[in-house]
Every structure is written in C-alpha cells, then in structure tokens.
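Encoded as structure tokens, the structure appears first; notes follow it.
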Amino acid sequence: YGSLPARCPTVLSLLRRLTANKPVVFSIAVVLVLGAVVPIASTFLQPTKLAEAQQGGPPGGGAGLVVRTVPAGVGPISSVLGYAGAVQSTQQVNVIARTSGIIQDVPVDVGSAVHRGDTLAVLDQGALPAQLLQAQAGVLSARAKLAQVEAGAKPEDVAAAEAQLQQAQIKLVSLQQGRPEDVRSALAALDSANAKLSALMKGATDDQRQAAQSAVDSDSASVDAAQAGLDNFTGSSASDLQAAQSAVDSDKAALSAAQAGLDNLRGSNASDLQAAQSAAGTTAADTQSLQSNVNADQALVNAAQAAIDQANGPPDAQIQAARALVVAAQAALDSANSTKTALDNPTKPATNAQGGGTGACAVNAGGSTLNNAQCNAAKDAAESALASANQQLTSAQAQLTQLRNGGPPATQAQLLGNLVSAQEKIKTDQARLAAEKGTINSQQTSAQTTLTTAQEKLKADQAKLDSLTNGTFQSQQAAAQSTLISAQQRLKADQAKLDAVVNGTQAAQLAQLQSTLEAAQQKLVSDQAKLDVLNSGPTDDDVRQARATIAQAQQALTKARQPGGDADLAQQQAAVDQAVANVQSKQDAYTDADLQAAVAGVAQAEAAVALAQANLDQTTVIAPFDGVIASKALTAGAFATPSTPIMTLASAGVEVHVTVEEARLAQVRSGLDVTLSVPAYPDQTYPAKVVNVAPAGDARAHTFDAKIVPTSQDQRLLPGMFAQVQVVAAQKPDAILVPREAVVQQGTSSVVFVNDNGKASQRQVQTGMSDATSIEVVSGIAPGEQVVVVGQNGLRNGAPIQVVNQNPAGQGQGGQGGGRQPGGQGGQGQGG
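When we follow our numbering, the leftmost residue of the sequence shown carries the number 5, and every step to the right adds one.
Structure representation (structure tokens):
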C-alpha cells in the first residue's frame with residue numbers, strides 16, 4: 005500500500021483494520037479494496053498529472069490522455085490464503101467415574117499437569133479389596149486342585165490301599181485253609197475215635213472171655229477159701245501156727261507149680277498178658293488223647309510265636325505305607341509352616357505402588373495391614389493347620405515306630421500273653437501226659453511182679469494140669485490160669501492167717517479173715533462185671549457215644565481245614581473285592597472329566613480375580629492422556645456417578661480449525677506448511693502444518709473444516725486465543741509480474757494496456773497467481789513492456805496517451821522510466 009499518496013490515510017487505515025481484525029481471505033479483501041481505491045486514487049492523481057501537463061509536461065510529450073506506466077517484471081510470487089480461527093486443545097474430555105461412589109481423594113487441582121495413567125480421583129473401595137483377596141485365594145485353591153489332579157494318584161494312598169488288600173487276602177486264605185498243625189491234630193483225633201468205635205463194634209475175643217471166666221472162677225474159689233477160713237477159725241495155738249505155716253508153704257509151692265504149668269503151656273501167663281494188653285490199650289488211648297492235647301498246645305505255642313515274629317518283622321508293604329504317611333505328614337507340616345511364615349512376614353509393596361501387597365495379611369507401603377480381621381482369621385487357620393500337621397506327623401511317626409517294634413504295647417502284651425498262656429497249657433498237658441505215663445509204668449511194674457509169681461505157679465501146676473485135663477490148648481491155659489489164681493488166693497489167705505497167728509490176737513485174726521473175705525468178694529464182683537460185659541457186647545449207648553465222638557472229630561477236622569463258614573467267606577470275599585476296587589480307585593484317582601473340571605475351575609477362579617480387580621480398578625479415576633486440568637466440578641466427599649463429570653482434562657497440545665471454501669480445497673491440502681500468528685504476540689509467527697481436511701463439508705455453505713497443528717507446541721499458544729493462518733497455496737520463482745491495478749476487467753476478460761509508441765495497446769492476458777501488490781501474467785505480455793498503472797480505466801485500444809512518470813530518473817513502482825529500456829525492470833513492490 006506504500007504506492008498510494010500520503011493523502012489517503014483513511015483508505016490505508018481501513019485496509020489495515022480489515023486485514024488485522026476480520027477472519028477473511030486476504031486475496032479477496034485485497035481485490036475488493038483495490039477496486040475501490042484505484043478510482044479514488046485516480047481522482048487524486050489526475051489533478052497532479054494534469055497540472056504537470058499544463059505546466060509543460062515531460063520532454064517529448066504530445067496530445068493524449070495522461071497515464072503512468074511501469075515495466076512488466078520477472079520475479080517470485082506466492083499464492084497466500086488467509087484464514088482465521090480459534091486456538092483449541094487437541095483433546096479435551098470430561099473425566100467421569102466408571103462406577104458410583106463417594107470420592108475419597110482428588111490429588112489434582114485446576115492447572116495441574118498430569119501424565120497418562122496418573123490418579124485423578126479415588127472413590128471409596130468398600131469391600132472390593134476383600135473380594136479381590138477372596139478371588140485370589142480361590143485361584144490358589146483351584147490351581148492346587150489342578151496340580152493334584154495332574155499329579156495323579158499319591159504313592160502313599162496306593163501303598164495303603166495295597167496293604168489293606170493284602171491283609172484282606174490273608175484273612176480270606178486263613179478262612180479258606182486252616183493251619184497244617186490244626187489239621188493234623190484234628191485228623192489224629194478222628195482216627196482215634198474211629199479206632200475206638202471199631203474196637204467196640206468187634207467185641208471181645210474168645211481168649212478174652214475165657215480169661216475173664218477163669219478170673220471169676222478163681223475169685224469164687226478165693227471167696228470160698230476165705231469163707232471157710234473164717235468159719236473154721238477157733239483161735240490160734242501152736243498147732244495152728246504150725247498148720248498155718250505149712251499151709252503157706254504149701255500154697256507157695258502150689259503157686260510155683262501153677263505158674264510153671266502155665267509157663268509150660270505158653271511160655272508166659274497169657275491171661276495176665278492179655279489183661280495187661282487190654283489195660284495198655286485203654287491206657288494207650290488215654291495217652292494218645294493226652295498226646296493230642298499236647299500237640300494242640302504246641303500248635304497254639306507255634307501260632308503265638310509266629311504272631312509275635314510277624315509283629316516284630318512286619319511286611320515291607322506296611323513299612324512302606326507307614327513311611328509314605330510320615331512323608332505326607334511332613335509335607336503337610338512344611339506347607340503349614342510356609343503359609344504361617346508368609347502370613348507373619350508379608351511383603352511390602354514399592355513406595356510408589358498403588359494400593360498394597362497381596363495375600364490375606366497384605367500391607368501397604370507404610371507397613372500397615374490392609375484387613376486386620378481377615379489377617380487374624382487367616383493366621384488362626386494357619387495355626388490350626390500347623391497344629392493338625394504336627395499331630396499327624398507325630399501319629400505317623402509313632403505308627404511307623406510301633407510297626408518296626410512289633411505293634412502297639414497293648415498288641416505286644418496280648419501276643420505275649422497268648423504265648424505265655426499257650427506255654428503254660430502245654431506244660432500242664434505235658435505234666436498230665438508224664439503222670440499218665442508214670443502211672444502206666446507203675447502199673448506195668450506191678451503187673452510184671454504179678455506175672456512173675458503167676459508164671460512160677462503156672463509151671464508147677466502145669467504137669468498136674470496136663471494129667472487132669474485133656475482139653476484143648478485154650479482150655480488147658482484157662483485151667484492152669486485158674487489153678488494159679490486159686491493158689492495165689494490161698495497163699496494170700498493162709499499168709500493172712502499166719503500173720504494173724506503170729507502177730508495178733510484172736511480178734512485181730514478174725515478181722516484179718518473178714519478183710520480177706522471182703523476183698524475176695526469185691527474182686528469177684530468186679531471180675532464178674534467184666535465177664536458180663538465181654539459176654540453181652542457193647543451197649544447202644546456205648547455205640548452212640550462212640551459215633552458222636554467221631555462226628556465231633558469230623559466237624560473239628562472240617563473246621564480245621566476251613567475255619568470260616570459260608571457267611572464268613574462271603575463277607576471276607578466282599579471285603580477283598582472292595583479292597584481291590586479301592587486299590588484301582590487309588591491308582592486311577594482322577595479321570596479326564598476331573599482334569600477338565602479342574603482346568604475349568606482354574607479358569608473360572610482367574611476370571612473371578614479379573615472381575616474383582618476390574619471392580620477395584622474402577623474406584624480409581626486415571627488420566628487417559630497427558631494434559632492439564634482445565635476445570636474441576638467435584639471434590640472429596642462428593643458422590644460421583646458415571647453420568648457426572650468430576651473434572652475436565654485438556655491436552656497440552658493445541659490446534660487451530662479453519663473453514664476452507666470448496667474452491668480452495670485443491671490448494672489447502674493435508675501436509676501443507678502454514679504459518680500461525682496471534683494478536684498477543686504480533687511480531688511472532690509459528691510454523692504449523694495442515695494435518696487433515698474433513699472428508700465431508702457443510703452442504704449449505706460448501707465449506708470444509710481443516711485442522712492445523714503447530715510444528716512444535718509452544719506454551720504461549722493457549723486454548724481460546726484468536727489465530728490468523730497464512731497458507732502458501734502455490735509459488736513460482738520466475739513469473740511475469742504486473743501491478744494489480746494494471747489488470748482491467750472487461751466483461752469476463754482481463755486486459756492490460758501497454759504503451760506502444762504513445763498509443764495505448766490493449767492486450768488480453770491470462771492471469772495466474774496474485775498477492776497483495778502483483779498479479780502473474782501467464783500470457784499476453786512480455787517482460788519489460790510498459791503497462792499502464794494509472795489512467796488505464798478510461799483507455800481504449802489505440803488511444804493516444806501521454807506518459808507522465810512521477811520520478812523519471814528514479815526507481816518507480818513498476819521500474820525505471822518509460823519505454824522498453826532493458827534496464828527498466830523493477831522489483832515487486834519496490835518504490836522510490
């Protein structure tokens with residue numbers, strides 16, 4: 005605007021105000037203003053030029069319209085578009101809480117600079133921390149269950165189940181098969197009972213009957229002799245003494261003869277031998293019964309000793325099971341100790357960490373427990389678990405020690421008591437057996453003495469027996485036996501008489517005779533009863549009793565071979581089957597379904613933790629981006645909801661939005677460099693860049709929003725400031741330039757008047773870019789041609805003109821003096 009005369013201050017000030025205070029496009033404003041100013045300037049210039057012409061004008065002047073010209077120059081030009089807009093933050097949001105609650109703390113204030121993630125407000129958390137701890141404990145429990153399922157069966161459980169199975173199988177075998185010693189004892193008892201029944205059913209032999217009859221006959225003779233001696237007793241005298249002595253001597257001789265005769269028949273006393281054998285048979289049965297008792301007692305001793313041996317040396321499976329229980333109890337104790345230690349010594353979080361540590365006894369950065377009630381409950385549970393683990397370990401160790409030492413003291417005492425009882429019983433039965441054997445030996449000795457005496461008498465009487473009888477050998481033996489017995493009885497009676505005569509009175513002798521008679525009578529009755537038994541055979545009661553004994557022995561044998569009954573066997577077999585199933589279940593403790601359920605349990609527990617953590621996180625309001633607190637609506641103690649803003653957060657970066665006309669979209673594009681300026685700092689410009697242009701515009705105004713961001717954020721640019729934007733739409737370094745006033749619009753055409761030897765030559769031109777002072781001429785004129793810049797509005801093509809330049813020797817607006825002098829190019833906007 006410096007080319008206008010100084011007399012136009014009003015126009016200049018108007019232009020400055022328009023370009024400085026109104027957000028309009030500069031190019032449009034300049035065109036409008038120049039259109040109004042040029043005619044006004046012409047009115048001011050015409051008098052001056054006319055006065056100059058009237059005063060003589062410049063050299064070489066002729067008749068014509070007075071004009072002023074400048075040469076068309078070559079230089080750079082830019083198309084600068086001007087826009088205006090408000091400075092605003094790149095981001096600005098109303099900060100709200102994600103959940104409802106009472107605000108406990110607002111650690112920021114208006115103007116506070118914050119970074120993304122900083123805490124802006126904290127709401128009351130209530131029971132949310134406890135819910136998170138509970139969910140975390142659920143995760144630990146679910147993971148432990150999953151680890152247990154993945155680990156499979158516990159060795160100690162399998163070993164214990166196998167030990168139970170082994171015990172059940174041993175008991176089943178013991179019910180199915182008895183001990184060998186018990187079976188042998190029962191077989192011996194059955195054989196003895198069968199032998200007794202067989203002997204009873206066979207009855208007595210002829211020899212036994214003959215011997216019994218001979219004994220009865222001898223007893224009768226003895227009774228008669230004793231009765232005769234008693235009847236004939238009249239007292240004792242010398243003749244009586246001599247007679248008694250003679251009788252005794254005679255009896256002795258007779259006894260010797262009878263024994264000799266019997267010996268001659270069979271070499272021994274057959275009847276005495278038979279009687280001894282019969283007695284021995286009876287005694288042998290008793291001895292066998294006692295021996296069976298001793299054998300049974302020995303079996304009990306062996307069983308008791310075996311039980312003690314088994315207790316002192318338990319099976320390896322039981323030892324392994326007991327050891328496994330000790331290991332498991334130790335592991336449980338270690339886990340309980342670890343849990344208690346973790347509760348007693350919680351880890352403190354970092355000083356700048358949000359919230360506190362984790363666990364039932366979690367503490368904050370200052371070392372204070374977050375939840376004392378929960379911590380105390382967890383510690384009580386840990387103490388209880390520790391005590392239980394100690395008790396289990398002590399019990400398992402005691403069980404292992406007892407197993408190694410033969411079982412509990414009560415069991416050892418019971419086993420030792422059984423052994424001592426069995427030993428005492430076998431001692432008692434052995435003593436009875438020894439006594440029975442001693443009695444047998446004594447009886448055998450007495451019988452041997454009697455046999456010897458009878459044999460001597462039998463030999464003496466044998467000769468007489470041979471002459472008196474012609475019977476059979478058996479009858480001869482019976483007769484000899486009878487003679488022998490009679491001789492023995494007579495000797496006994498006569499000896500008694502002799503003793504009475506020698507040693508006693510008559511009363512004593514009489515008593516002796518009566519005693520001899522009674523003894524003879526008793527022996528007769530006894531032998532007669534034996535004879536009757538032999539003659540009559542066994543009674544039905546004897547047979548029934550013998551058969552009952554056999555039945556009892558058979559039952560005892562069956563019981564010994566199979567101690568358990570059908571019900572016992574079925575029950576124990578069921579116990580074995582259950583033990584087998586238990587072992588199988590322990591070996592295959594978990595199925596695929598159990599594993600899937602455990603995995604799902606962990607996922608569910610982790611989801612619960614995530615939900616609890618999310619609920620807890622929602623009580624803390626954080627900054628979504630770096631910025632400054634622009635305003636604050638709520639403070640501590642207020643109730644916040646998701647629909648109530650707590651504060652406004654604005655980003656530190658700013659941007660400017662301007663409205664671009666549809667016709668300028670090709671010139672204002674994304675990535676284009678622009679310049680910003682604000683009234684607060686008029687001498688300062690800020691480089692910026694067009695970030696984007698809205699893809700959709702205002703359908704009525706045909707404008708589009710363009711976002712412009714400073715290249716470097718400057719803290720002096722504050723939201724709410726008014727900003728001017730200069731956009732360099734295009735530029736050319738060597739364009740043909742003419743002053744803006746040289747171009748005249750004639751209809752739709754742009755024309756320029758050129759001084760052609762004192763005549764106005766109208767040129768139709770094609771214009772290009774323009775700025776505040778110059779317009780690019782694309783075609784129609786050449787550089788250096790003098791174009792009319794004053795007086796051109798009244799010119800016509802070919803009209804004579806008179807060029808009057810204000811400073812012929814100096815640099816004008818368009819260049820040096822008139823004409824096409826080569827040195828006449830002037831700078832754009834360079835005036836004298």
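Cβ coordinates follow ideal geometry from the N, Cα and C atoms, glycine included.
Just measuring C-alpha positions, the residue of Gln-730, Lys-206 and Asp-195 sitting nearest Gly-89 is Gln-730. Bounds of any alpha helix (DSSP H) do not take in Gln-95, whose DSSP letter is neither H nor E. Three or more Cβ pairs closer than 8 Å define a contact, and the segment 751-768 meets that threshold against the segment 801-810. Put simply, of Gln-717, Glu-789 and Ile-626 the residue whose alpha carbon is nearest the alpha carbon of Leu-127 is Ile-626.
Here Val-424 is exposed. Its C-beta has fewer than 16 other C-beta atoms within 10 Å.
Within the segment 615-654, complete beta strand (DSSP E) segments of at least 3 residues are found at 624-626 and 631-636, given in chain order. With fewer than 16 neighbouring CB atoms inside 10 Å of its own CB, Tyr-685 falls in the exposed class. Ranked by Cα distance from Gln-717, the options Leu-69, Val-78 and Ser-93 are led by Ser-93. Of the candidates Leu-561, Ala-523 and Thr-777, Ala-523 places its Cα closest to the Cα of Val-227. Under the three-state reduction of DSSP output, Lys-763 falls in the strand class. Here Lys-736 is bridged, per DSSP, to Ile-81. In the three-state reduction of the DSSP assignment, Met-205 falls in the helix class.
Assignment of Ile-785 by DSSP, reduced to helix, strand and coil, places it in the coil class. The C-alpha of Val-713 lies about 11 Å from the C-alpha of Leu-676. With contacts defined by Cβ atoms closer than 8 Å, Val-110 and Thr-639 form a contacting pair.
Here the alpha carbons of Val-177 and Asp-210 stand approximately 53 Å from one another. Scanning the segment 553-615 from its first residue to its last, the whole alpha helix (DSSP H) runs of 4-plus residues come out as 570-591. Listed in chain order, the non-local C-beta contacts of Asn-619 below 6 Å within the same chain comprise Leu-132, local neighbours out to five positions each way being set aside.
Going by DSSP, Arg-72 is part of the beta strand (DSSP E) stretching over 69-75. Residue pairing by DSSP places Val-298 opposite no residue, since no beta bridge is assigned to it. A check of alpha carbon separations from Phe-629 across Ser-82, Val-84 and His-119 identifies His-119 as the nearest. Looking at the DSSP output, Val-713 shares a beta bridge with Lys-693.
Counting only residues of its own chain and dropping the five nearest sequence neighbours on each side, Pro-542 has a CB closer than 6 Å to the CB of Leu-204. Between the beta-carbon of Gly-784 and that of Gln-768 there is about 6 Å, and that keeps the pair under the 8 Å contact cut. Val-153 sits in a helix when the DSSP states are folded into three classes. The straight-line gap separating the alpha-carbon atoms of Ser-83 and Arg-744 is approximately 14 Å.
Around the C-beta of Glu-160, 16 or more other C-beta atoms lie within 10 Å, and the residue is accordingly described as buried. In the structure shown, Leu-722 falls within a coil segment according to DSSP collapsed to helix, strand and coil. In the three-state reduction of the DSSP assignment, Ser-372 falls in the coil class, being assigned neither a helical nor a strand state.
Note: Asp-109 is bridge-paired with Val-126 in the DSSP secondary-structure output. Residue nearest to Ala-601 within the set Ala-146, Gly-121, Ile-100 and Val-70 is Ala-146 (criterion: CA-CA distance).
With contact defined as three or more Cβ pairs closer than 8 Å, the segment 581-593 and the segment 165-179 are in contact. The residues Val-153, in chain order, have a CB closer than 6 Å to that of Tyr-594 in the same chain once the five nearest residues on each side in sequence are set aside. For the pair of segments examined, the segment 427-436 was found not to touch the segment 367-381: the number of CB pairs separated by less than 8 Å stays below three. Taking the C-beta atoms as reference points, Ile-650 is found nearer than 8 Å to Ile-100. The beta carbon of Val-580 sits closer than 8 Å to those of Leu-169, Ala-172, Gln-173 and Leu-176, all from its chain and outside the five residues before and after it, given in chain order.
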